[in-house]
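Taking numbering that gives the first Met the number 0, the leading residue of the sequence shown gets 0, the next gets one more, and so forth.
Idealized CB from N, CA, C, for every residue including glycine.
The structure displayed is predicted, hence computed values, not measured ones.
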Amino acid sequence: MSAENQLADPHVADLPGTIVHDEVVAARHVWVHPVKKGETLRIVDLEGNQAVDLLIYSAEDDAERYSAQDTVTAQGNLFLREGSVLRSNEGRAMMTIMATSVAYHDTIGGACSVESNTLRYGHHTKPQHACVENYLKGSLPAGRTKRDIVSNINFFMNVPVEQDGTLGIVDGISAPGLSVDVRAEMDVVVMVSNCPQINNPCNGFNPSPVRMIISA
Numbered sequence: 000m001s002a003e004n005q006l007a008d009p010h011v012a013d014l015p016g017t018i019v020h021d022e023v024v025a026a027r028h029v030w031v032h033p034v035k036k037g038e039t040l041r042i043v044d045l046e047g048n049q050a051v052d053l054l055i056y057s058a059e060d061d062a063e064r065y066s067a068q069d070t071v072t073a074q075g076n077l078f079l080r081e082g083s084v085l086r087s088n089e090g091r092a093m094m095t096i097m098a099t100s101v102a103y104h105d106t107i108g109g110a111c112s113v114e115s116n117t118l119r120y121g122h123h124t125k126p127q128h129a130c131v132e133n134y135l136k137g138s139l140p141a142g143r144t145k146r147d148i149v150s151n152i153n154f155f156m157n158v159p160v161e162q163d164g165t166l167g168i169v170d171g172i173s174a175p176g177l178s179v180d181v182r183a184e185m186d187v188v189v190m191v192s193n194c195p196q197i198n199n200p201c202n203g204f205n206p207s208p209v210r211m212i213i214s215a
């Protein structure tokens with residue numbers, strides 16, 4: 000993208016450096032891409048109220064991957080906000096949330112699957128596509144299996160913790176054009192399921208595309 004075009008595009012005008020990758024991920028699809036140390040990944044919720052399920056693997060050894068447990072323990076908070084450091088199962092910093100247009104993001108709600116859909120919403124949902132199936136599709140080229148799919152981040156998803164400790168899945172807190180920026184603290188591979196869920200309000204019952212932009 001030329002400097003002139005970048006300045007004219009509201010989704011990237013304030014991104015520092017050079018755009019090295021820019022892709023729209025269709026609703027319900029999976030996206031896998033390397034992000035090098037120091038690069039920033041911007042995720043843009045193009046139409047609003049779209050959950051973006053994200054996993055991170057070390058580019059050097061994918062046995063090291065994002066750990067919700069280590070991230071929550073290190074920051075002492077369930078929710079991810081600007082400044083949150085996304086840590087690996089080795090306790091190392093993988094990525095940092097540098098900016099976010101929404102107040103917080105979820106790290107405990109997990110990814111939808113055929114099994115969880117049928118349990119929560121009924122056996123009639125079994126043929127529906129889900130995030131775990133996206134993750135399996137994205138994992139196959141790297142030789143990863145279902146065992147390598149760990150608890151993920153749900154960007155833009157609203158999962159409040161109620162007074163009695165139960166989790167809610169309610170309308171998202173995003174809107175068209177809002178975004179989150181995450182900077183790589185090591186060379187990583189990011190895998191995203193652009194959530195296909197239609198049985199709860201996390202996507203407004205209407206999954207929509209998102210834009211993935213990497214700047215260096």
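Buried or exposed by the 16-neighbour rule on C-beta atoms within 10 Å, applied to residue i
i, result
"D13", "exposed"
"A129", "buried"
"G218", "This structure cannot settle anything about residue 218, because the visible part of the chain is limited to 0 through 215."
"P175", "exposed"
"A110", "buried"
"G37", "exposed"
"Q196", "buried"
"P15", "exposed"
Residue i and residue j closer than 8 Å at C-beta
i, j, result
"P208", "A26", "yes"
"T99", "R86", "no"
"S173", "D21", "no"
"T95", "R182", "yes"
"I152", "Y134", "no"
"V189", "I55", "yes"
"T17", "A67", "no"
"A58", "V187", "yes"
"V19", "S138", "no"
Alpha-carbon spacing of residue i relative to residue j, whole angstroms
i, j, result
"F154", "L53", "7 Å"
"Y65", "R210", "22 Å"
"G82", "Y103", "11 Å"
"A62", "K145", "13 Å"
"F78", "S112", "22 Å"
"A7", "H28", "28 Å"
"M97", "K136", "29 Å"
"D163", "P140", "42 Å"
"P9", "L118", "41 Å"
"P33", "E184", "13 Å"
Other residues of its chain near residue i: CB distance less than 7 Å, five sequence neighbours each side excluded
i, result
"N199", "I168"
"N48", "D170, G171, S173, N202, G203"
"V24", "W30, V191, N193, P208, V209, M211"
"N116", "T124, Q127, A129, N198"
"G108", "N153, M156, V158, L166, I168"
"S223", "The first residue shown for the chain is 0 and the last is 215, placing residue 223 beyond what the model contains."
"G121", "none"
The beta strand (DSSP E) enclosing residue i, as first and last residue numbers
i, result
"N202", "Here N202 belongs to no beta strand (DSSP E), and DSSP marks it neither H nor E."
"L53", "51 to 57"
"N153", "152 to 154"
"L135", "First-last for L135: 130 to 138, but that is the alpha helix (DSSP H), not the beta strand (DSSP E)."
The alpha helix (DSSP H) enclosing residue i, as first and last residue numbers
i, result
"L118", "113 to 120"
"S192", "Counting along the chain, S192 falls outside any alpha helix (DSSP H), though it belongs to the beta strand (DSSP E) covering 187 to 193."
"V71", "67 to 74"
8 Å Cβ shell around residue i - same chain, five flanking residues per side excluded
i, result
"V101", "F155, I172, S173, L177, V179"
"Q74", "S83, V84"
Nonlocal neighbours in the same chain, by C-beta distance under 6 Å from residue i, ignoring five residues either side
i, result
"G90", "D69"
"V84", "A92, T95"
"T39", "D180, R182, S214"
"E46", "P175, S207"
Residue-chain proximity (residue i, chain E), Cβ-Cβ < 8 Å
i, result
"P126", "Among the chains in the structure shown there is no chain E, since it carries only a single protein chain."
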